[in-house]
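So for the sequence shown, UniProt numbering puts the first residue at 1; every next one is plus one.
Don't be surprised by glycine CBs; every beta carbon is placed ideally from N, CA and C.
Scroll down for the structure; my scribbles are underneath it.
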Amino acid sequence: MPIKQVTYKYKTKWIIQSTFIIILLYTIFYWFFITPIFTLHEYQTKQWITELTNNIILGVKDPSKFANIERVYHFLSFWYTYMYFHTEKYTVWVLFNLQNKFTNIIVLNVYLYDFQNDAVVKEQIELNFHDLKTFQTDSGSLIIQLGESYYQEIDFYSNKSTLKIISNNIHFVVEMSIDDYTTNQASFLPRYQLLNNVISVQGNETGSPGEWMSDNPFIGKILGGSLNYDKIEAGGNFWFDNFIGCNNYYLGNYIWFVVINDDWIIYLLWFDTYDTRNNIDTVKPILIKDRKQNKFLYSGIPGSECKKMLGPLNIVNYALEPFSMTYESKKPIGISEYDDYTVSFNSPKINIQIESIQGKSRKVFEYDYYKNDETDTMRSNMKEWDKKYYEVLSNIRYVEYVNTVNVKINYENRVSSFEARQVIDAMYPKNTLIPKKIHYLG
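Okay, here's the thing in structure tokens:
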């Protein structure tokens, strides 16, 4: 047999074998890492998520707790608790955030929209982060407290929570029943901890050594309460999440659309700025649950839209599990009425279309999330990298809306349409000439 013919047969056999091995390895990778990344609820237990949340919240004041979740801690760079409540008369928000890594200023933001009187009420109080306490009671309840201004108790055993806010103009007390703890963050699940040995999945905004984040939510029903001694009825819905970032992590530009009512939670989040949001490699976290049937459909990120995945592999992933998540707007975020947009989510299980209604949008709150006078005065003495880091942060503006929208859902061979309240919050750059991101320089 001629040598060339033998060589050709050998190469052909090698190519076939190599292709088979690659397909086999990627199939294993796909089913072990990609498929679970949009069905994280199937891999979380209440015990697992509540223990994680305990360590995260207690670790804010006792960083030794982070060893329990296998995370390196150098310093805290980002932290907030955030809640909103839909009642018959109001939507009420509480945003309690450390402003940046350079300061101890923590801001208590309380704001609301009164639907009956078409009125916005808001208040900001600057407090000292050193005075914050996070601890566990003898009965096991988790406490977050700063003087008389902020008190929150979370009882994971009874699935109850209490919030008390006292400010100059707002006195807010609410009792809650928690019915879901699902997170869309994969990095703490054991299989992704393994993957972290190869590629960082901890949440990395700047590329700093040891940078990581965690976002831990829960949702449920309002049991009752009062707002400035006006009774709040039972039966409304609420959202809570506690978000931490360490070692230079910060939350960059994004837009979040969320509908929570008795029947659904529809949480659709796009990172980056508007011009890149519909790209296949833009990170788009999701939580979609049929609350009426207590059935989660999706939690995590669409596996076909992963920034850490090579472009061709994203195309393969999309062919295996087709997702389409898009958002279009004819108005810029930050405008007083953000009421000309469409949001859609299409998948094998469910199709969701959300359309804004003209004149049914209220901007309730806006402020410079990371910027304050104390940090501004320190700027001239910062290291060069910190100056650039703070330049990016201080250019980020935070905005919050409550809208009434039309929702259309095609699910389980039925089409339903309804009006709903939708919360929108976003971070966006004020000055487009300033870099939107910063990469760690060492």
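How long is the line joining the alpha carbons of Ser304 and Leu189, rounded to whole angstroms? Because Ser304 carries a pLDDT of 48, less than 50, the predicted location of this residue cannot be relied on, and the following value inherits that uncertainty. Our two residues, Ser304 and Leu189, have alpha carbons roughly 20 Å apart in a direct line.
So for Ser304, helix, strand or coil by DSSP? Since pLDDT at Ser304 reaches only 48, below the 50 mark, its modelled position is unreliable, and no value is offered.
Under a three-way DSSP split, which group does Ala186 fall into? Three-state DSSP puts Ala186 in coil, outside helix and strand.
Below 6 Å CB to CB, which residues in the same chain sit around Trp256 once its five sequence neighbours on both sides are set aside? Leu269, Asp425.
Lys383 in three-state terms, based on DSSP: DSSP places Lys383 in coil when its eight states are reduced to three.
Residues of its chain near Thr137, where Cβ-Cβ distance is below 7 Å and the 5 sequence neighbours each way are ignored: Only Ile143 meet the Cβ criterion.
Whole-angstrom Cβ separation of Val392 and Ile434, contact assumed at under 8 Å? Beta-carbon to beta-carbon, Val392 and Ile434 are separated by about 7 Å, close enough to satisfy the 8 Å threshold.
Give me, in chain order, the residues of the same chain whose beta-carbon lies closer than 7 Å to that of Thr87; leave out the 5 immediate sequence neighbours on both sides. Here the set comprises Ile222, Ile232, Glu233, Gly236.
Anticipated Cβ contact below 8 Å, Tyr370 with Met382, distance rounded: Not quite, the Cβ-Cβ distance comes to about 14 Å (not below 8 Å), so this is no contact.
Quick one: using the 10 Å Cβ neighbour count with 16 as the cut-off for buried, is Tyr398 buried or exposed? With 16 or more other Cβ atoms within 10 Å, it is buried.
If you compare alpha carbons, which of Thr91, Phe96, Lys101 is closest to His74? Lys101 is the residue among Thr91, Phe96, Lys101 whose C-alpha sits nearest the C-alpha of His74.
For a test of the three-state rule: what should DSSP assign to Asp376, helix, strand or coil? Helix, per DSSP.
Rounded straight-line distance, which links the Cα of Gly140 to that of Leu25: Each residue's alpha carbon lies about 45 Å from the other.
On a CA-only basis, which of Gly334, Glu211, Ala67, Ile354 is nearest Thr342? Give me that one, please. The shortest Cα separation from Thr342 among Gly334, Glu211, Ala67, Ile354 belongs to Ile354.
Short Cβ contact (8 Å threshold) for Val258 with Trp239: For Val258 and Trp239, yes; Cβs fall inside 8 Å.
Whole angstroms are fine: how far does the CA of Asn278 sit from the CA of Pro302? Near 13 Å, if we compare the C-alpha coordinates of Asn278 and Pro302.
What is the C-beta distance between residue 447 and Ile350, in whole angstroms, given that I count them as a contact (C-beta under 8 Å)? This structure gives no information on residue 447, because the portion of the chain shown stretches from 1 to 442.
Nearest to Lys122 by CA position, among Arg291, Val92, Gln193, is which residue? Nearest option by C-alpha distance: Val92.
Limits of the unbroken beta strand (DSSP E) element including Lys164: Lys164: member of the beta strand (DSSP E) spanning 160 to 166, first to last residue.
From Pro63, Thr19, Ser149, Tyr157, residue whose alpha carbon lies closest to that of Leu163: Ranking the options by Cα distance to Leu163, first place goes to Ser149.
Unbroken beta strand (DSSP E) runs of length 3 or more, entirely within the stretch 235 to 286: which are they? Uninterrupted beta strand (DSSP E) stretches at least 3 residues long and entirely within the stretch 235 to 286 occur at 237 to 246, 254 to 260, 264 to 271, given in chain order.
Please classify Tyr389: does DSSP put it in a helix, a strand, or coil? Here Tyr389 sits in helix by DSSP.
Quick one: Cα of Phe66 to Cα of Cys246, how far? Taking the straight line from one Cα to the other gives about 11 Å.
What does the alpha-carbon distance come out to for the pair Tyr80 and Trp14? Answer to the nearest angstrom: the Cα atoms are 55 Å apart.
Comparing C-alpha positions only, which one of Pro332, Lys295, Thr375 sits nearest to residue 455? Outside the shown range of the chain, which is 1 to 442, sits residue 455, and nothing can be said about it.
Helix, strand or coil for Gln124 per DSSP? Here Gln124 carries a strand assignment [DSSP, helix/strand/coil].
Thinking just about the alpha-carbon of each residue, which of Ile166, Gln422, Asp131 is nearest to the one in Tyr84? Answer by Cα proximity: Gln422.
Residue environment, Phe29, which counts as buried when at least 16 other CB atoms sit within 10 Å: Under this definition Phe29 is an exposed residue.
Buried versus exposed, by CB contacts within 10 Å (16 or more), Gly359: Per the 10 Å Cβ criterion, exposed.
Thinking C-beta only, is Ile266 closer than 8 Å to Arg291? In this structure, the beta-carbon distance from Arg291 to Ile266 does not fall below 8 Å.
Bridge partners of Lys61, per DSSP? For Lys61, which the question treats as bridged, DSSP gives no partner whatsoever.
Beta-carbon contacts of Lys363 that lie in its chain and below 6 Å, excluding the five residues immediately before and after: For Lys363, where only same-chain residues beyond five positions count, the Cβ hits under 6 Å are Ser336, Tyr401.
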